[in-house]
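Report on one structure; see the data block that follows.
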Amino acid sequence: MFFPDTEFVLACLLLGTVVGFFAGMLGIGGGALLVPMLVSLFERLHVTPDHILHLALGTSMAAIVVSAAISLRTHHAHGAVDWPTVRTMTIGVLLGTLLGTFIAREVSTQALSLIFAVFIGYVALTMLIGFKPKPSRQLPGAGGLIAAG
Numbered sequence: 000m001f002f003p004d005t006e007f008v009l010a011c012l013l014l015g016t017v018v019g020f021f022a023g024m025l026g027i028g029g030g031a032l033l034v035p036m037l038v039s040l041f042e043r044l045h046v047t048p049d050h051i052l053h054l055a056l057g058t059s060m061a062a063i064v065v066s067a068a069i070s071l072r073t074h075h076a077h078g079a080v081d082w083p084t085v086r087t088m089t090i091g092v093l094l095g096t097l098l099g100t101f102i103a104r105e106v107s108t109q110a111l112s113l114i115f116a117v118f119i120g121y122v123a124l125t126m127l128i129g130f131k132p133k134p135s136r137q138l139p140g141a142g143g144l145i146a147a148g
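Going by numbering that gives the first Met the number 0, the first residue of the sequence shown is number 0, and it counts up by one from there.
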């Protein structure tokens with residue numbers, strides 16, 4: 000079993016603070032910043048290269064779940080949560096989580112790295128060209144909400 004030392008705990012706290020600050024400032028998901036930094040941290044801890052990216056992605060997702068839960072609670076306190084939409088999207092979230100877990104187990108670190116790099120490149124390009132989706136007051140139907148989840 001792994002028991003973190005003080006240096007590791009401080010590194011994680013600093014990493015979370017820096018990522019949270021820049022993600023909030025840039026308006027992007029923290030995972031885009033957290034994953035590469037976790038890869039670097041895990042390399043320093045001599046984690047097996049075949050597991051580093053999988054571990055970084057899983058750790059990032061766990062952090063996102065905690066952050067999302069806190070954010071959901073805060074928005075709920077202000078009456079800013081559409082619970083029927085949340086319930087419908089949760090179906091897609093759970094299905095995507097199960098499917099993603101099975102796929103990630105079968106994908107090599109190299110393939111996962113390429114997928115992550117292409118995704119980050121796409122996000123960077125859309126930010127660079129200033130793409131903004133058209134605002135819409137109409138939510139998609141249940142199928143669209145499940146797929147979005």
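For glycine and all other residues, C-beta sits at the position ideal for the given N, C-alpha and C.
None of these values were measured; they are calculated from a predicted model.
Cβ distance (whole Å) where residue i is taken to contact residue j below 8 Å
i: residue 84; j: residue 138; result: 6 Å
i: residue 10; j: residue 52; result: Wrong, their Cβ atoms sit about 18 Å apart, outside the cutoff.
i: residue 122; j: residue 31; result: 6 Å
Residue i at chain B interface by Cβ criterion, 7 Å
i: residue 43; result: The structure shown contains no chain B, having only a single protein chain.
Under 7 Å between C-beta atoms of residue i and residue j
i: residue 145; j: residue 95; result: no
i: residue 36; j: residue 12; result: no
i: residue 108; j: residue 49; result: yes
i: residue 26; j: residue 18; result: no
i: residue 89; j: residue 141; result: no
i: residue 80; j: residue 74; result: yes
Coil, strand or helix - residue i by DSSP
i: residue 48; result: helix
i: residue 39; result: helix
i: residue 77; result: coil
i: residue 137; result: coil
i: residue 27; result: coil
i: residue 115; result: helix
i: residue 57; result: helix
i: residue 130; result: coil
i: residue 106; result: coil
Residues near residue i by beta carbon distance below 8 Å, same chain, minus five either side
i: residue 3; result: 11
i: residue 147; result: 88, 91, 139
i: residue 106; result: 114
i: residue 63; result: 28, 29, 30
i: residue 111; result: 52, 53, 56, 103
Sequence-distant residues of the same chain with beta carbon closer than 6 Å to residue i, five excluded per side
i: residue 42; result: none
i: residue 93; result: none
Cutoff 7 Å; reference residue i; Cβ partners in own chain excluding five residues on either side
i: residue 71; result: 80
i: residue 100; result: none
Count Cβ pairs between the segment 110-123 and the segment 58-78 that sit closer than 8 Å; are there 3 or more?
Judged by Cβ distances under 8 Å, the segment 110-123 makes no contact with the segment 58-78, as fewer than three pairs qualify.
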